[in-house]
Amino acid sequence: MRIPGHFAVVLLLLAGSIAARPSDAQTIVTLASGFNEPGGVAVDGNGNVFVADTANSAIKELVTAGGQVTVNTIGTGFGPLGAVAVDAAGNIFAIDSQASRVFELAAADGYATAKTLGSGFNFPTGIALDSNGNVFVADNENGAVKEILAAGGYVTVNTLGSGFFAPGSVAVDSSGNVFVADAASVKEILAAGGYTTVNTLGGNNDLGLPVGVALDSQGNVFVAGLFSTVVEEIPAAGGYSTVKSLAGGFTSPQGIAVDGSDNLYLFDDNAAWKLPVSGGYSTATKLGSGFPGANGIAADAAGDVFLVGFGTSGIQEALVVNNYANLTHIGTPGFSVPAGIAIDASGNVYVADTGNNAVKEMTAASGFATVKTIGNGFVNPSGVTVDTNGNVFVADTGNNAVTEVLADGSQKILGDKLAQPTAVAVDISGDVFFANQQGLLEITTAGAVNSVVNQPGFFSGVALDSNGNLFLSNNDPIVTTGSEVRERLAATGFKSVMAVGSGFDMPGGVAVDRAGNVFVADTRNNAVKEILPAPPVLVAAVLPGSRSIELGDTATIFATLINTGMQALDNCQIAPASTSFFTLPFVTMNYQTTDPATNTPTGQPNTPVSIPGNNGAQSFLVSFQSTADAATFSSTGVPLDFTCGTNDVVDTAAIVPGVDTVDLSASSMPVADVIALAATPTNNGVIDLPAGGVGAFAIASFNVGATQALTLSADTRNGALPVVATLCQTDPGSGQCLSPPTPTVSLNYAGGAAPTFSVFLQSTGPIAFAPATSRIYIQFDDSDGGFHGSTSVAIEAQ
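In the numbering used here, the protein residues as written are 1276 to 2073.
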């Protein structure tokens, strides 16, 4: 339902009452894009930004000299490889499944250069070669088998056959027929007829979820089944209609290969095995020892074995001449899923190399060419930071610990059983802050572990500025902070919270330079962005701040967006913040410009507009349409994104609870819907108290809904403030209390009634000016605790 005309007025708070402090950042600039899920970000003393480009398994530097941003790749490697094949000349063909990339490493240049072959794949998992050098790929998530033609330089990609579910491995016989491990079956794509005919092999036999397939020189098919304990053979004789079991005793076969003499090679759990043809594949001999986990195996004609997978740090080769005694790295494996990144005072770069279970240092003196591993024993480390003395702190996720690698090379565990820490930062006193499944915690220099933010979720980035203030990014959209970056002030024990940037999509790492600029790895947007430490150009306010409706009805509020800058801003609009979609999954939000004099809607719904500079303002009608058959809901402080600009430069209004957020609830029956306004003595939305003194403000209200028994109360929502509040209902004419003030006021609030109230405050200590957190909320609740109206004022006590 609409707000009555005499309440349909947008309250334009003074800019000072809703603006952030001068150090808070609101203008967001995209520094560079083209990344693939960047996860970590750090900044050196010269303002150069270093990025852990996670899915590209690369480290990149954004050089900012001259006001221009140049992106240099300073360290790279292969991602978690899914499969490998080798041709007669020793050239290696492999798949980077996460990057959906197929590439070749040429033997002629020592495997130094990776050449990408074809395109359009989606999580490929298997690869094979025919005698002409054509590459065949199991394109898993596209449910297809594809051929990359050697003719023309591996540019043309053809799709073969059809009807595949989740192809995982491929092999090719001497006639060019392609064999595919496809979910629960093995299939053959016949070369005759142009790869259009697909046959299922082995009848109705259970192959234990085949994930690996290989062929000998006679065309016999060998299958590794993930849930099997044996190797299965589907003989060519008889038209691939029968299945026989070979050697057994395996745990979880994952990859299979055949050499030039028809010997079989199998990867099972953390071991590689050879099944000699001379024994009819009835016995298996373990190759060497200490093989890391792999999911791909290949063999050349001589019997040299190649391994790839999450645990193999790129591509590794075990030589037959050494009796497979050790592994040799092919090329420079580099990084595998780098996640966290940090920089010391000398400009050296430290990387949490997650996929390699290592922490690495790239020395600045070598131009980042020298990469050395520091510390040991890590399992999936995902966060790293360094203090002023060169000590490195690691969020050792898989070990549930935070580990310090001292500058002298020794290391110690600072805390264990920490529930998978993911991001870490250290202040100038040596206190370590880290994020885990419980929220944000601190390890003091005395060894105590304290909770700083007890909020389950996933803080994906943690950084500290020179004043010890915390900056946190959160990419879990189910919790209240959403895909935003927020600052927690050290001066208030990290209780005061200010949003400094929003509109990201699953933000990852966060860093702060000496000037207070905040850098964010905007993971899902594949970009790195900078939040400038300037007063917000945009400020926003809504009125009323609460609506309570029946399901199926539409709640409306008014909003005003003010451009305090000098230049006009384009593309100004309103959208639900990232968390709003999860807080209110069955509500559709729309906005439309209005004439501020009459509140009449103008323009077209959901159409961005321009707002002139020098305190130019635009008013809007914002509606929330609920679904009639949805579940009831009650959500306070639902944030809205007020933005202007483009993806490259975005100005966003600070999210200030109680000022530009809205409380929304919906019931299955008619309910009271109280429109409430607060009036302070200074008419700026702020109540100023002497420290230890008293003050008061007034509340006007109007029930546009049904009659209902309600209770009026006051609270601070964001934590305890040194203030005591009492209330009374007043005579609308004189403003005098109708009864002595008490902590709560109860009344049977009739539909269409307009009672007034006074709120009396007694401060018991100083309260800093922080409009986002230091607020008094007045709320109208029913007997079950459901709210039916609210308003708030900022409070300070000096």
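For every residue, glycine included, the Cβ atom is placed at its ideal position computed from N, Cα and C.
- By the neighbour-count criterion, in which 16 or more other beta carbons inside 10 Å mark a residue as buried, R1789 falls on the exposed side.
- Taking the CA atoms as reference points, L1807 sits about 23 Å from T1660.
- In the three-state scheme derived from DSSP, where H, G and I count as helix and E and B as strand, E1312 is classed as coil.
- Two segments are said to touch when three or more pairs of C-beta atoms, one from each, lie closer than 8 Å; by this definition the segment 1795-1804 does not touch the segment 1883-1890.
- Between the alpha carbons of D1491 and V1455 lies a gap of roughly 15 Å.
- DSSP places G1784 within a strand segment (E or B) once states are collapsed to three.
- Under the three-state reduction of DSSP, G1554 is assigned to helix.
- A contact between stretches requires three or more CB pairs, one per stretch, nearer than 8 Å, and the segment 1713-1730 meets this requirement with the segment 1685-1696.
- Contact annotation, G2040 with A1989: C-beta distance approximately 17 Å; criterion of less than 8 Å not satisfied.
- Distance from the CA of S2049 to the CA of V1999, rounded to the nearest whole angstrom, comes to 13 Å.
- For the 7 Å CB-CB criterion, D1371 and F1396 do not form a contact.
- Collapsing the DSSP output to three states places T2048 in coil.
- Here N1407 is not near E1422, since their CB atoms are 7 Å or more apart.
- The alpha-carbon separation between A1954 and I1974 amounts to approximately 6 Å.
- Judged by DSSP secondary structure, I1886 falls within the beta strand (DSSP E) whose first and last residues are V1884 to I1886.
- Per DSSP, R1799 lies in no beta strand (DSSP E) segment and is marked neither H nor E.
- Just so you know, the alpha carbons of T1869 and L1896 end up roughly 6 Å apart.
- Pairing V1583 with L1356, the inter-Cα distance amounts to about 6 Å.
- Counting along the chain, I1688 sits inside the beta strand (DSSP E) bounded by residues Q1686 to G1690.
- Contact between the segment 1642-1661 and the segment 1677-1684 is present: three or more C-beta pairs spanning the two stretches fall below 8 Å.
- For S1758, the three-state secondary structure derived from DSSP is coil.
- In the DSSP assignment, G1970 falls within the beta strand (DSSP E) that extends over V1969 to N1978.
- When the Cα atoms are used, L1689 and E1679 turn out to be separated by approximately 7 Å.
- If the five residues before and after A1381 are omitted, its C-beta is found closer than 6 Å to the C-beta atoms of N1366, all from its own chain and listed in chain order.
- Separation of the CB atoms of G1778 and N1846 is rounded to 12 Å, and the pair is thereby denied contact status at 8 Å.
- Shown here, T1672 sits in a helix according to DSSP, grouped into three states.
- Closest in alpha carbon position to L2022, among Q2011, S2038 and L1987, is L1987.
- One Cα belongs to G1427, the other to Y1470, and the distance between them is close to 20 Å.
- Rounded to whole angstroms, the separation of the alpha carbons of K1335 and I1703 is 27 Å.
- Note: V1318 is bridge-paired with V1324 in the DSSP secondary-structure output.
- DSSP places Q1713 outside any beta strand (DSSP E), giving it a letter other than H or E.
- Non-local C-beta neighbours of D1628 in its own chain, meaning closer than 6 Å and more than five positions away in sequence, comprise F1610, P1613 and K1635, ordered along the chain.
- Following the DSSP letters along the chain, one finds Y2024 inside the beta strand (DSSP E) bounded by residues T2019 to Y2024.
- When secondary structure is reduced to three states using DSSP, D1628 falls in the strand class.
- In the three-state reduction of the DSSP assignment, T1329 falls in the helix class, which pools H, G and I.
- Shown here, N1651 sits in coil according to DSSP, grouped into three states, outside any helix or strand.
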